[in-house]
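To start, the structure itself, in structure tokens.
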Amino acid sequence: MTSSPSDGADTMNRSSKFTFTPQDKAPDPDLGAERIPVDRYTDPAFLTLEDEHIWSKTWLLAGAVCDVAKPGDYFVFENLRESILVTRAADGDIRAFYNVCQHRGNQLKPAGCGYADHLVCGFHGWQYHMDGTLKHIPEAHDFPQGTPADELGLQKLRCETWGGFVWVSMDPDIEPLIDYLGVIPEHLAPYEFEDMVLVADETVEWNCNWKTSVDIFSETYHVRGVHPESEDIADDVNVQMDIYGRHTRFIAPMYIPSPRKIGDDKALNDTLVDYLKSEGFPVEGFNGDVTTLRGAVAAHKRAMTSENGLDFSNLTDDQLTADYHYNIFPNITFNLFGEQMWMFRHRPHPTDPDKMFFDRMIFNRVPKGEVTADARAGAVDLFVELGDGVVEGRPEHVFYRHGEKSSGLLLDQDASCLAGVQRGLHSRGMKGLWISHHERRIRNFHHWWEKYMGV
Ligand code: FES
Ligand SMILES: [Fe+2]
Numbered sequence: 344m345t346s347s348p349s350d351g352a353d354t355m356n357r358s359s360k361f362t363f364t365p366q367d368k369a370p371d372p373d374l375g376a377e378r379i380p381v382d383r384y385t386d387p388a389f390l391t392l393e394d395e396h397i398w399s400k401t402w403l404l405a406g407a408v409c410d411v412a413k414p415g416d417y418f419v420f421e422n423l424r425e426s427i428l429v430t431r432a433a434d435g436d437i438r439a440f441y442n443v444c445q446h447r448g449n450q451l452k453p454a455g456c457g458y459a460d461h462l463v464c465g466f467h468g469w470q471y472h473m474d475g476t477l478k479h480i481p482e483a484h485d486f487p488q489g490t491p492a493d494e495l496g497l498q499k500l501r502c503e504t505w506g507g508f509v510w511v512s513m514d515p516d517i518e519p520l521i522d523y524l525g526v527i528p529e530h531l532a533p534y535e536f537e538d539m540v541l542v543a544d545e546t547v548e549w550n551c552n553w554k555t556s557v558d559i560f561s562e563t564y565h566v567r568g569v570h571p572e573s574e575d576i577a578d579d580v581n582v583q584m585d586i587y588g589r590h591t592r593f594i595a596p597m598y599i600p601s602p603r604k605i606g607d608d609k610a611l612n613d614t615l616v617d618y619l620k621s622e623g624f625p626v627e628g629f630n631g632d633v634t635t636l637r638g639a640v641a642a643h644k645r646a647m648t649s650e651n652g653l654d655f656s657n658l659t660d661d662q663l664t665a666d667y668h669y670n671i672f673p674n675i676t677f678n679l680f681g682e683q684m685w686m687f688r689h690r691p692h693p694t695d696p697d698k699m700f701f702d703r704m705i706f707n708r709v710p711k712g713e714v715t716a717d718a719r720a721g722a723v724d725l726f727v728e729l730g731d732g733v734v735e736g737r738p739e740h741v742f743y744r745h746g747e748k749s750s751g752l753l754l755d756q757d758a759s760c761l762a763g764v765q766r767g768l769h770s771r772g773m774k775g776l777w778i779s780h781h782e783r784r785i786r787n788f789h790h791w792w793e794k795y796m797g798v
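For our numbering, add 343 to where a residue sits in the sequence shown, where the first one is 1.
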């Protein structure tokens with residue numbers, strides 16, 4: 344199967360006029376300075392309330408378009424009590440349905456992706472076409488009330504595509520996806536997700552609430568406490584924070600240490616040198632210091648494109664040497680680099696507010712038209728461990744619980760930290776989050792969470 348995330352044409356219109364990703368600082372709204380209450384992280388009552396006010400009222404990233412690349416392909420996306428079946432039917436359209444048989448409610452397909460000519464319920468054998476219409480009911484004559492096809496097709500929900508991903512909404516009246524996403528499509532178009540290939544897909548059960556995870560992926564203040572290794576290679580202080588309504592961004596410069604780690608001589612530290620070597624940067628020939636390194640790295644990455652075939656012409660030097668980090672309300676994080684894109688989905692656990700599912704899909708940029716990817720292209724061991732192989736076809740989805748297997752150093756560190764945070768949030772001694780200016784993406788997220796929740 345081709346694994347490009349954008350095999351289908353997006354259902355929204357794109358401007359044909361190219362513009363680079365805006366880099367300007369967005370104005371900061373005044374969101375006050377109150378403590379953020381903690382019962383929302385710990386009280387099981389919020390599982391139901393969030394289902395009613397957040398999960399069924401927003402656009403949710405359900406999966407990658409590459410998993411429904413051709414007619415008959417389908418995948419199942421699970422969120423709290425809902426299981427949603429996304430299909431591509433013979434007419435080429437991608438649709439989303441509640442994954443439930445209209446006879447007595449059996450789930451039609453388990454989580455995961457696959458191919459089917461049509462859908463057959465495993466309970467009594469009702470059959471549906473991939474477009475959700477009724478195909479066959481065994482012993483149909485035995486239903487005295489009849490078997491009206493317009494009544495018994497699968498129940499549809501809103502479904503649109505953007506950025507190589509399928510998005511669904513349980514709210515039939517929700518605004519179109521492009522309006523909901525605001526500035527995001529314009530900002531991310533230059534990354535050309537259609538030139539990227541899925542190389543890793545995993546779900547890790549973490550011991551924290553999904554919002555605790557959104558919070559930690561909103562700031563770099565925690566780097567000094569949680570990720571000491573990355574202080575040597577990335578600037579956690581001079582990070583631009585942008586708020587665009589319910590969605591947000593930070594731009595975190597890489598290839599420059601934290602100001603706390605820069606000496607008077609501004610020399611490259613050993614960790615940074617090792618990191619550069621792992622990426623093939625010719626450190627021996629570099630005569631500059633940490634203040635000129637980012638420019639040299641960007642120039643090197645551009646020079647390498649004549650060999651590796653990657654196209655960086657739509658990205659700025661800053662984008663090639665920073666983490667452009669977008670949070671899309673309610674639960675999506677994109678980490679964008681020149682060579683790679685990480686999609687994180689902070690998914691709620693269906694019954695336990697102290698657990699969540701951390702979904703991670705990694706896409707590598709490949710030369711235009713390619714459908715396979717060197718798993719290590721642009722991947723740095725500190726962040727992700729993908730192995731050395733060429734990824735052909737769709738990588739297998741992997742599930743594990745935190746601690747059973749490593750997700751790479753950085754995510755292991757985040758997950759360990761969050762387990763402790765979640766325990767702390769239950770304490771009588773915790774009166775609410777005390778949020779800094781730097782952490783204002785957290786405040787903005789909760790501002791919008793409260794708006795949706797009506798609290
Ligand atoms: S529940 Fe599906 S056929 Fe009976
Ligand atoms: Fe972190």
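The beta carbon of each residue, even a glycine, is placed where N, CA and C say it ideally should be.
Heavy atom of ligand 1 less than 7 Å from the Cβ of residue i, yes or no?
i    : result
F508 : no
C551 : no
N581 : no
N449 : yes
G468 : yes
H479 : no
C409 : no
H446 : yes
C464 : yes
Smallest Cα separation from residue i: which of the options?
i    : options                   : result
T694 : P365, A376, T391 and V381 : T391
V709 : E421, V734 and K698       : V734
E529 : L753, L428 and T364       : T364
D585 : K698, R378, F788 and T715 : F788
R784 : V714, L753, K554 and E545 : K554
L403 : R378, C502 and D544       : C502
K748 : E548, L768, N581 and N707 : E548
G435 : C444, Y441, G415 and F420 : G415
Q765 : L663, E793, D544 and T385 : T385
D544 : L619, D522, P738 and L451 : P738
A412 : G751, F508 and A483       : F508
Report back the beta-carbon spacing between residue i and residue j to the nearest angstrom; my notes put them in contact at under 8 Å.
i    : j    : result
T430 : M473 : 5 Å
P487 : H467 : 17 Å between Cβ atoms; not a contact.
G475 : L497 : 4 Å
Y598 : V542 : That pair is no contact at about 23 Å.
S601 : V616 : About 16 Å separates the two Cβ atoms, so there is no contact after all.
Y743 : I397 : That belief does not hold up - the Cβ atoms of Y743 and I397 are roughly 27 Å apart, past 8 Å.
Which residues mark the beginning and the end of the beta strand (DSSP E) in which residue i is found?
i    : result
P691 : Q683 to P691
K478 : L477 to H479
W553 : Per DSSP, W553 belongs to no beta strand (DSSP E); it is in the alpha helix (DSSP H), W553 to I559.
I705 : M699 to R708
R545 : Sequence check: residue 545 is Glu here, not Arg. That run of the beta strand (DSSP E) goes M539 to W549.
D666 : A665 to I671
Which residue marks the beginning of the alpha helix (DSSP H) containing residue i, and which one marks its end?
i    : result
A762 : L752 to L768
V616 : D613 to S621
F420 : Note, F420: premise wrong, no alpha helix (DSSP H); beta strand (DSSP E) at D416 to N422.
G406 : It is not in any alpha helix (DSSP H) - G406 instead sits in the beta strand (DSSP E) that spans L403 to A407.
N651 : L636 to N651
K452 : Looking at the DSSP string, K452 is not in any alpha helix (DSSP H), and its letter there is neither H nor E.
Hey, is residue i close to ligand 2, as in C-beta under 7 Å from one of its heavy atoms?
i    : result
H570 : yes
D757 : yes
L497 : no
I559 : yes
H565 : yes
L752 : no
Whether or not the region 679 to 690 and the region 699 to 706 are in contact is what I'm after, with contact meaning three or more pairs of Cβ atoms, one per stretch, closer than 8 Å; do they touch? Result yes; three or more Cβ-Cβ pairs closer than 8 Å.
When you compare the region 500 to 520 with the region 628 to 641, are there three or more beta-carbon pairs, one atom per stretch, that lie closer than 8 Å? In this structure the region 500 to 520 does not touch the region 628 to 641; the number of beta carbon pairs closer than 8 Å is below three.
Check whether the region 371 to 390 and the region 653 to 660 touch, using three or more Cβ-Cβ pairs below 8 Å as the test. The region 371 to 390 makes no contact with the region 653 to 660: fewer than 3 CB pairs, one atom from each, lie closer than 8 Å.
Contact between the region 658 to 673 and the region 591 to 598: three or more CB pairs below 8 Å? Look at the beta carbons and you see the region 658 to 673 touching the region 591 to 598: at least three pairs across the two are nearer than 8 Å.
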